[in-house]
Amino acid sequence: MPPTCAPTNKGAGEIKGAFLLAARRDLGVRHGARADEPFEALPPQHREPLSGVILPVSWVPAAPVLAWLDQVERIFGAGDGHELHRLGRAIGGQLLVTRHRLLVRGATPSEAVSRIPTLWASYVEGGRVELHPDRVEVMAGPSSPSLLSTMAGFFEYLLELTGAPAARCRPVLPARPGDPPSLQLHYR
């Protein structure tokens, strides 16, 4: 299925084109010619939706993007999610200071945290998160470990942009069946 400019809302969720383009741009800068290796490692059913023209306003099916993130970690990371966390910070560095500059300018860390559900929905169609004092729970939509690691970096960067000292955000996978995955937030 090619990317579209409107979410198709088919239940599996979709990822905003701007998110994928920012990730690809960062890999190109850091890994040069090797940046295409994660794409080349994808099976054909995941490669096809990512091979066409993707616009920042496009929605891309989540499954191929999540498979691509898995390959990014496998090829460039150590399997611990740190590469994807770093990638999420780079995506935040590109998107938060351009597309969301009014949200960031003058916001306190608490104000930024209150906007996480809106930001999540801006990039993850079909995704719904709930805020708690120390975490963000993913209640619906795509929530793979790869996406969680990437979004943890993205939101950690958001907290730093708003002046939170010692900001940290890390993914937490469910401890028990039925528990939602979450992002643990630490900031002052």
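Numbered per the numbering used here, the sequence shown spans residues 1 to 188.
Note that CB positions come from ideal geometry on N, CA and C, so glycine has one too.
Since the structure is predicted, the reported quantities are computational estimates derived from the model, not experimental observations.
Would you list the one or two residues that DSSP bridges to residue i?
i: V60; result: I15
i: A140; result: R128
i: R135; result: H132 and Q184
Considering only C-alpha positions, which residue in the set the options is nearest to residue i?
i: P181; options: A166, T162 and R128; result: R128
i: L119; options: S144, P174 and L159; result: L159
i: P145; options: A107, D70 and R74; result: D70
i: A164; options: Q184, A112 and R176; result: A112
i: E156; options: E137, G178 and H186; result: H186
i: F194; options: V57, T108, H100 and P174; result: Lying before the first or after the last residue shown, residue 194 is absent from the chain, which here runs from 1 to 188.
i: G13; options: V136, A121, A175 and T162; result: A121
i: L50; options: S114, H31 and F19; result: F19
i: I116; options: G52, G77, E137 and G106; result: E137
Span of the beta strand (DSSP E) holding residue i?
i: R213; result: Because the chain is modelled from 1 through 188, residue 213 falls outside the range shown and cannot be assessed.
i: L55; result: Here L55 belongs to no beta strand (DSSP E), and DSSP marks it neither H nor E.
i: L186; result: It is His, not Leu, that sits at residue 186 in the sequence shown. Looking at the DSSP string, the run of the beta strand (DSSP E) that includes H186 is S182 to H186.
If you follow the alpha helix (DSSP H) that residue i is in, where does it begin and where does it stop?
i: R101; result: R101 to V104
i: G178; result: Run containing G178: none; DSSP gives neither H nor E here.
i: V113; result: P109 to S114
i: L147; result: P145 to L161
Just to check, is the beta-carbon of residue i closer than 7 Å to a non-hydrogen atom of the ligand GDP?
i: R105; result: With respect to small molecules bound, the structure shown includes none, and the ligand GDP cannot be examined in it.
Are the segment 134-154 and the segment 28-43 touching by the rule of at least three beta carbon pairs closer than 8 Å? With a cut-off of 8 Å, the segment 28-43 and the segment 134-154 do not count as touching, because too few Cβ pairs lie within range.
The segment 129-137 in contact with the segment 57-73 per 3-pair CB rule at 8 Å: The segment 129-137 makes no contact with the segment 57-73, as fewer than three CB pairs between them are under 8 Å.
Along the chain, which unbroken stretches of the alpha helix (DSSP H) at least 4 residues long are found entirely within the segment 22-88? Runs of the alpha helix (DSSP H) spanning 4 or more residues and lying entirely within the segment 22-88 occur at 37-40, 44-51 and 62-76, in chain order.
Should the segment 71-87 be called in touch with the segment 26-35, which here means at least 3 C-beta pairs below 8 Å? Inter-segment contact for the segment 71-87 and the segment 26-35 is present: three or more beta-carbon pairs are separated by less than 8 Å.
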